[in-house]
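These notes concern the structure reproduced below.
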Amino acid sequence: MSEGVTYQKSKLFAVRIVKLYRYLCDEKKEYVLSKQLLKSGTSIGANIAEANCAFSKKDFLAKMYIAFKECAETEYWLELLFDSGVLNEKEFQSMIDDCREIKKLLSSVTKTSKEKNME
0 MSEGVTYQKS KLFAVRIVKL YRYLCDEKKE YVLSKQLLKS GTSIGANIAE ANCAFSKKDF
60 LAKMYIAFKE CAETEYWLEL LFDSGVLNEK EFQSMIDDCR EIKKLLSSVT KTSKEKNME
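To convert, note that position 94 of the sequence shown is 93 in numbering that gives the first Met the number 0; the numbers rise steadily by one, no gaps.
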C-alpha cells in the first residue's frame with residue numbers, strides 16, 4: 000500500500016467534506032458541528048501532504064499520526080451529526096464508510112512505518 004493512494008483518497012474525501020459542509024450550512028442551517036467537520040475532514044489530507052514532504056522518518060510518522068487522529072475526529076463529528084438527526088442514514092453511511100477506509104489505510108501506514116523505524 001502506498002502513501003499516494005492514501006493521499007488521493009483523503010483528497011477526494013476532503014472535496015466531499017467541503018460539499019457536505021456547504022449542504023449542511025445551506026440546506027440544514029447547521030453551522031457549529033459542520034464547521035468542526037470541515038476542519039478535521041480537510042486536515043486529514045493536508046497532514047498527509049505534509050508527511051510526504053517530511054524531512055525525516057520520524058517527522059513522516061508524526062504527520063501521519065496527526066492525519067490518523069484527524070480522521071478519528073472526523074468520524075466522531077459524522078457520528079454526532081447522524082445521532083442528532085442532522086444527517087440521514089444514506090448521507091451518513093456514504094461518508095462514514097470513506098472515513099473508516101482512510102482511517103484503516105492510515106493505521107496500516109503508521110504501523111508499517113513504525114516497524115521500519117524500529118529496525
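Don't be surprised by glycine CBs; every beta carbon is placed ideally from N, CA and C. It should be emphasised that the depicted structure is a prediction, and the values quoted were computed from it without experimental measurement.
The C-beta distance from C98 to L77 rounds to 6 Å, short enough to meet the 8 Å contact threshold. Per the coordinates, the alpha-carbon of S106 lies some 25 Å from the alpha-carbon of S33.
In the pairwise beta carbon analysis, the segment 52-65 is classified as not touching the segment 15-24: fewer than three pairs are separated by under 8 Å. Fewer than three beta-carbon pairs drawn from the segment 83-99 and the segment 59-68 are found closer than 8 Å, and the two stretches are therefore not classed as touching. For A53, the secondary structure class from DSSP, reduced to helix, strand or coil, is coil. Between the beta-carbon of G44 and that of S93 there is about 18 Å, and that puts the pair past the 8 Å contact cut.
Per DSSP, reduced to three states, the secondary structure at Y6 is helical. Here S42 has E69 as same chain residues with Cβ atoms under 7 Å from its own Cβ, once five neighbours each way along the sequence are excluded.
Judged by their CB atoms, K38 and E49 are not nearer to each other than the 8 Å cut-off. A distance of 8 Å or more separates the beta carbons of K102 and E72. One alpha carbon belongs to Q7, the other to K28, and they sit about 30 Å apart.
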